[in-house]
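Numbering of the sequence shown is given in my numbering, commencing with residue 2 and proceeding in unit increments.
Worksheet for the structure shown next.
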Amino acid sequence: MKTKKILTYILILIGGIFLGRWLSGDSGEHSDTVHNHAESGAQVWTCSMHPQIRQDKPGKCPLCAMDLIPLKTAGTAVEVTGSDEIMLSKEAVALADIQTAKAVRGNPVKDIRLYGTIQADERLSRSQTSHVNGRIEKLYVNFTGETVRQGQVIASVYSPELLTAQQELLEAVKISATQPDILSAAREKLRLLKLTDAQIAGIEQSGKASAQVDITANTGGIVVSMKVEQGDYAGQGTALFDLIDLSSVWAVFDAYETDLPCLKTGDRVEYTVQALPDKRFSGKITFINPVLDKTTRTAKIRVETSNAGMLLKPEMYATANVSASLKQYSDRIIVPKTAILWTGKRSIVYVKRPGSEAAVFKLREVELGVSLGDSYVILSGIAEGEEIVTNGVFAIDASMQLEGKQSMMNVETSPPTGSEHLTTAVQGLCEMCRERIEKAAKEIDGVISAGWDASTKQLHLHYDPSKTAPDSVLKAIAAAGHDTDRYRAGDSVYDALPECCKYRK
2 MKTKKILTYI
12 LILIGGIFLG
22 RWLSGDSGEH
32 SDTVHNHAES
42 GAQVWTCSMH
52 PQIRQDKPGK
62 CPLCAMDLIP
72 LKTAGTAVEV
82 TGSDEIMLSK
92 EAVALADIQT
102 AKAVRGNPVK
112 DIRLYGTIQA
122 DERLSRSQTS
132 HVNGRIEKLY
142 VNFTGETVRQ
152 GQVIASVYSP
162 ELLTAQQELL
172 EAVKISATQP
182 DILSAAREKL
192 RLLKLTDAQI
202 AGIEQSGKAS
212 AQVDITANTG
222 GIVVSMKVEQ
232 GDYAGQGTAL
242 FDLIDLSSVW
252 AVFDAYETDL
262 PCLKTGDRVE
272 YTVQALPDKR
282 FSGKITFINP
292 VLDKTTRTAK
302 IRVETSNAGM
312 LLKPEMYATA
322 NVSASLKQYS
332 DRIIVPKTAI
342 LWTGKRSIVY
352 VKRPGSEAAV
362 FKLREVELGV
372 SLGDSYVILS
382 GIAEGEEIVT
392 NGVFAIDASM
402 QLEGKQSMMN
412 VETSPPTGSE
422 HLTTAVQGLC
432 EMCRERIEKA
442 AKEIDGVISA
452 GWDASTKQLH
462 LHYDPSKTAP
472 DSVLKAIAAA
482 GHDTDRYRAG
492 DSVYDALPEC
502 CKYRK
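Structural data, given as structure tokens:
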């Protein structure tokens, strides 16, 4: 009986051990994984809430106690030493969808999109006037939009002046055998009153002066406005109606001042109108307004177009595309707009390090030329054949900012003339150590810049020798808890450091 109880207790104990290991997730496979990571030393662990934390093994964040997550795996032995460089793992490159392309030279062509309307050609606008004083007995043109042909009868007018001129013609016919000059003068007087030769010949043949005379149009076009009504009295020179010829029209577009240098008289423009989306019209730029509109900051661009089919009508909306060749920027580097990070003062691109299997990217400041819509002309900063990042630039720049390196918003300035440089060893392990060391150094009056490299344990210090000395800086760093090559940190200060910063063995 006692033996059975002992065996029962042993079985319960063994089962409890296996159950505990199963509940805690501690398997042999996990232990091997942790061991392999620790042996390789290639895995970097960080905190998702505090990215400045860097450790070579999993654990808890010393600031918030969250579980550390793997940051990246260094696939190669490439060492990134510059403050303007960063190396990303293959996983990070794939996750950020980073794409690169070779920088090439080309002759830039800027695509300009213009918006405007169809307008009547002002040079083809005419006014039909009355050439005699009289009363309009009948008006044959009655509404706007009506088409008038040259020579068409437009009105019948009673004019005492015209009646007198006809009677003078009939009297001159009677004495034409002895006084031919008087007949010629009478005919010329009627011609000046805009009667046609056929009308004059009809009066001579009939031998009667007509109280009402037909007036014919001396121009053709479409009536755009009526000036008189039937029964009105029209004086000599009075406009009866306004005409416009639409056989040729203007397409008038608004061009922004930034696009004006790319446009010139004689350039061919293709455009469409909303009413006829399946048809394309073209013409040449005949005029560019030299004065900008102070409100819209645009200038009027005029394009002449033949309108024989009368498809284009005034006030139609038009959209044009102009491909302007920029000869002043020929044979320049052209890069996609997605490759540029623009801060207002600086323009940044990232260039992949040549001859390296690892994804190492270097920050490069460039000078931008004219914008081509979806690309930029580069005036300086990039050489032909360099591999630049065209997609995922923000992801690279964000990684640079998290690591405290140069980035779009973080500029590293060169030390002023007269400063001195010191390189010295300072002990530490992680990003928290770097922040603590650099902060202690920069708090000393006279320190211009301080940068600590966790991989080499070297502090690069620029300082003004007239204000401070290296000893003062190194003492301040030791007081913050980090041993230097001259001073050792106190045990109490060192013991107060977080566990990830304990560099002494």
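Positions of the beta carbon are idealized from the N, C-alpha and C atoms, including for glycine.
Counting only residues of its own chain and dropping the five nearest sequence neighbours on each side, I223 has a CB closer than 8 Å to the CB of G146, E147, T148, V149, L244, I245, D246 and L247. The C-alpha of Y351 is placed about 23 Å away from the C-alpha of Y330. By the CB criterion at 7 Å, I349 and M409 fall inside the cutoff. For the 7 Å CB-CB criterion, I379 and V336 form a contact. In its chain, beyond the 5 residues on either side, A477, I478 and A481 have a beta carbon closer than 6 Å to the beta carbon of A441. The beta carbon of L293 sits closer than 8 Å to those of E258, T299 and A300, all from its chain and outside the five residues before and after it, given in chain order. Beta-bridge partners assigned by DSSP to G222: V149. For the pair I445 and S473, the CB atoms are nearer than the 7 Å cut-off. One alpha carbon belongs to P71, the other to R55, and they sit about 10 Å apart. Within the DSSP bridge table, the entry for G452 names H461 as partners. Judged by pairs of C-beta atoms under 8 Å, the stretch 95 to 104 does not touch the stretch 208 to 227, as fewer than three such pairs exist.
In this structure, D85 keeps its C-beta atom at 7 Å or more from the C-beta atom of K346. Secondary structure of A166 (DSSP, three-state): helix. The criterion of a C-beta distance shorter than 7 Å is satisfied by E385 and A104. Judged by DSSP in its simplified three-state form, Y330 adopts helix. In this structure, the CA atom of K506 is about 44 Å from the CA atom of E388. Shortest Cα-Cα distance from C263 to any of T47, K443 and P109 involves P109. Residue range D492 to D496 is occupied by the alpha helix (DSSP H) that includes Y495. Counting along the chain, the unbroken beta strand (DSSP E) around P278 starts and ends at L277 to I289. Shown here, G238 sits in coil according to DSSP, grouped into three states, outside any helix or strand. Look at I70 here: in three-state DSSP terms it is strand. Apart from sequence neighbours up to five positions away, the residues of its chain that approach L369 with a beta-carbon distance below 6 Å are S348 and Y377, ordered along the chain. Taking one beta carbon from each stretch, the stretch 224 to 237 and the stretch 128 to 140 have 3 or more pairs nearer than 8 Å; the two touch. With a contact defined as Cβ atoms closer than 8 Å, K195 and I216 qualify at about 7 Å. Per DSSP, L140 is one residue of the beta strand (DSSP E) stretching across G135 to L140. Annotation: E500 is outside any beta strand (DSSP E) and is labelled neither H nor E by DSSP. Ranking K228, A359 and V158 by CA distance to the CA of K91 puts A359 first. Comparing alpha-carbon positions, the option among A186, Q153 and L460 lying closest to Q168 turns out to be A186. In terms of Cβ geometry, A218 and Q120 do not form a close pair [threshold 7 Å]. In this structure C502 touches M433 by the C-beta definition: roughly 6 Å separates them, less than 8 Å. Counting along the chain, S381 sits inside no alpha helix (DSSP H); it lies in the beta strand (DSSP E) bounded by residues S376 to S381. Secondary structure remark: continuous alpha helix (DSSP H) runs of at least 4 residues inside the stretch 160 to 218, in chain order: 161 to 175, 181 to 193 and 198 to 207.
In this structure, the beta-carbon distance from A199 to I183 does not fall below 7 Å. In chain order, R188 and L191 place their CB closer than 6 Å to the CB of I201, counting only its own chain and leaving out the 5 sequence neighbours on each side. Beta-bridge annotation (DSSP): A426 is paired with Q459.
Taking P59 as the centre and dropping the five residues before and after it, the same chain places the C-beta of W46 and L69 closer than 6 Å to its C-beta, in chain order.
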